[in-house]
Amino acid sequence: MTHHPTLKATLTLRHAIEVKSIDEASTLAASADAEDTDHLYGYISERGRVLAWTSPAGEHLLYEGAIRVADDYEWTPIGTPRIYRFDTTDRAEIHGDALRLFLSQSLNNGGVRRSGGWRDRIVALVPEEVGAKESKIIRTLADGGIEATHTYNVLDAYTKYAEWVNALAAEFGGTDEKLEAHIETPDIAPFSPIVAGIAQAWLLREAADAALEQTRASLKFSLAGFTRLLELAGNDSRGSVAELARSLQTDRPNLTRMIKTAEKDARIAEILDSLPR
């Protein structure tokens, strides 16, 4: 995927300067994971990690390296890491550069699972080394800033991703909330005004596709798991399919059909069979 030059500029480090000496970088990298290291910020994906820390000498440093993840989710560093030295002690600036480096790394190494945006504005979903059950959702902001949040299950990850993509899409539209908050429409020059509608629709589609795709997968797995729990729970009517249907404001036949479809999924059955009873 080709990214817009303005995004690359937004992700350029502001206060971290790469250590060019191989020997010095190697010595500094060795202290990144020492037991007494003062870790400031750390980010990890399925392909790499970024770590900001303070050395015993009081220097604020930044580590960027690739990793290999095993089937049991244990990971090991691979290749030669890059080390950067900060020219600031401001924690907000250090955090911002750590996020910029991690997002840039993840875009380049394929660690980003989904992304959507416009020019220098992007929303990205980056699964951690344990998979999408824990993820970082990262976005760049209109003022050039960057922020992230951490999620603890797949459905939350995709929900937050869709929320932030929808929020960006709203900047291309026209609502009272946008006017009251004095939110400016992102720059679309040299295009004609119709492109604002294209950008809004494209982003809304991306948010909807991401949410729908994961919602269907999560619902299917949960429905199949629900019937397994019913088997273990016995005949307690308080946890029945009929009661679940009433609680979901739907009809029992429709819910039952969806459950039967979920139970026939061979991949889901294999996963459920592997779980301890």
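Residue numbers (the numbering used here): 10 to 286.
A virtual CB, placed ideally from N, CA and C, is assigned to each residue, including glycine.
With three or more CB-CB distances shorter than 8 angstroms, the segment 271-282 counts as touching the segment 231-239.
Rounded to the nearest whole angstrom, the C-alpha separation of Leu213 and Thr259 is 27 angstroms. Leu110 places its beta carbon less than 8 angstroms from that of Leu22.
By the neighbour-count criterion, in which a residue is buried when 16 or more other Cβ atoms sit within 10 angstroms of its Cβ, Tyr82 is exposed. Excluding five sequence positions before and after Glu215, the CB atoms of its chain that fall closer than 6 angstroms to its own CB belong to Gly125, Val174, given in chain order. By the C-beta criterion, the segment 94-103 is judged not to be in contact with the segment 38-45, since fewer than 3 inter-stretch pairs fall below 8 angstroms. Burial is judged here by how many other beta carbons sit within 10 angstroms of a residue's own beta carbon; Leu134 has at least 16 and is buried. The alpha carbon of Leu177 has as its nearest neighbour, out of Leu49, Pro195, Ile146, the alpha carbon of Pro195. As DSSP reads the structure, Asp47 sits in a beta bridge with Thr63. In the three-state scheme derived from DSSP, where H, G and I count as helix and E and B as strand, Pro14 is classed as helix. Secondary structure at Arg255: helix, using DSSP grouped into helix, strand and coil. Per DSSP, Ile197 lies in no alpha helix (DSSP H) and is assigned neither H nor E. Closest in C-alpha terms to Thr158, from the list Asp152, Tyr170, Ala151, comes Tyr170.
Secondary structure of Leu70 (DSSP, three-state): strand. Within the same chain, and ignoring the five residues on either side of Arg56 in sequence, the residues whose Cβ sits closer than 7 angstroms to its Cβ are Ala75, Ile76, Asn118, Gly119, Gly120. With respect to the 8 angstroms criterion, Leu228 and Val250 are not classified as neighbours on the basis of their beta carbons. Between Thr149 and Ile131, the beta carbon gap of about 5 angstroms places them in contact (Cβ cut-off 8 angstroms). Arg261 and Leu253 have their C-alpha atoms some 8 angstroms from each other.
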